[in-house]
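Below is one structure, written out as structure tokens; comments come after it.
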Amino acid sequence: MIFPIKNNILREKTQIKMYEKIHFKDIINNNIQNFEMRLVCPFFQLGYDETKEVLYTLPECKKCGICELVYTNKNDLEFTNFDSLLSEPKYLAFLLDKLLPNKKHYAFVSIEGHSRNMRIDLVQKSNNSYTLINILNDEKKDSSKYNRAYKMLAEKLKIKYKELNFQVKTLGLKNDNYRNIITIEDLLKENENGSYSKP
Ligand code: SF4
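To convert, take the position in the sequence shown, counting from 1, and add 1446; that gives this note's numbering.
Rendered as structure tokens:
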């Protein structure tokens, strides 16, 4: 895929703004202040041709869709290998924010757990509802231990924030009803109109 970008504006177009060092209470209080700038491609698969003034995808591109979201105005994405972002939760949060504009997503959220601080892979916020999402990827293949910790955390939060709703989900490559695993496609289908398109 090719994106025309003029040389003189390339520098400002190569990075995207993401949340950084988020604490759960900051989300509850709507007080997010930490951001960082990251390269558009999580897999370093964008090249630039100065002569033609185009960014282009390199052969190892995983077709995750992030660059297409950033650089085009198309309604439907051509690159939809969103599963490749299971290993990149911050980029997954960015993608879900764009495709599900009525919900907010935060990756690597710190929170006080039962005996120590925990890090939630992904938090999805929708009005008064919070979904704590445990992500299965190459780094973390087994969900059971983490699921227990996430569920205990959700119970604790229900007691602390009685007016809010909390649930736990596990996100993986394949649906697994027995192990309660859903996919990124399932998350996208939960959008109000049951579909997604670039806002
Ligand atoms: S589709 Fe994803 S992996 Fe491919 S170049 Fe774009 S951002 Fe990188």
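By construction, the Cβ of each residue, glycine as well, lies at the ideal position given by its N, Cα and C atoms.
Kindly indicate the opening and closing residues of the beta strand (DSSP E) around residue i.
| i | result |
| --- | --- |
| Asn1580 | Ser1575 to Ile1581 |
| Arg1484 | Phe1481 to Leu1485 |
| Ser1556 | Lys1550 to Glu1558 |
| Phe1612 | Asn1611 to Leu1617 |
| Ile1462 | Gln1461 to Tyr1465 |
| Tyr1494 | Leu1492 to Asp1495 |
| Thr1503 | Val1500 to Thr1503 |
Tell me whether the beta-carbon of residue i lies closer than 8 Å to the beta-carbon of residue j.
| i | j | result |
| --- | --- | --- |
| Ile1512 | Cys1487 | yes |
| Ile1630 | Asp1522 | no |
| Asp1567 | Pro1535 | yes |
| Leu1531 | Leu1541 | yes |
| Ile1468 | Leu1501 | no |
| Met1564 | Ala1595 | yes |
| Ile1611 | Ser1575 | Before going further, note that residue 1611 is Asn rather than Ile in the sequence given. Yes, these two residues count as a Cβ contact at 8 Å. |
| Ile1557 | Phe1481 | no |
| Leu1485 | Thr1460 | yes |
| Glu1506 | Glu1514 | no |
Measure how close the beta-carbons of residue i and residue j come, nearest whole angstrom, since I'm counting them as under 8 Å.
| i | j | result |
| --- | --- | --- |
| Ile1462 | Val1516 | 6 Å |
| Lys1571 | Lys1597 | Rounded, the Cβ-Cβ distance is 19 Å, inconsistent with contact. |
| Asn1527 | Glu1496 | Contact doesn't hold; Cβ gap of about 28 Å is too wide. |
I'd like the span of the alpha helix (DSSP H) that includes residue i, first residue to last.
| i | result |
| --- | --- |
| Asn1593 | Ser1590 to Lys1606 |
| Lys1544 | Pro1535 to Leu1545 |
| Ile1451 | Note, Ile1451: premise wrong, no alpha helix (DSSP H); not H, not E. |
| Lys1635 | Ile1630 to Lys1635 |
| Lys1571 | Not the alpha helix (DSSP H): Lys1571 falls in the beta strand (DSSP E), residues Asn1563 to Ser1572. |
| Ile1512 | Ile1512 to Tyr1517 |
| Asp1472 | Phe1470 to Ile1474 |
Is the shortest distance between the beta-carbon of residue i and the beta-carbons of chain C less than 8 Å?
| i | result |
| --- | --- |
| Leu1546 | In the structure shown, chain C does not exist; there is a single protein chain. |
> How do the segment 1577-1587 and the segment 1607-1619 stand: do at least 3 beta-carbon pairs fall below 8 Å, yes or no?
Replying inline: yes
> At a cut of 8 Å, does the segment 1492-1502 reach the segment 1473-1484 through at least three beta carbon pairs?
Replying inline: no
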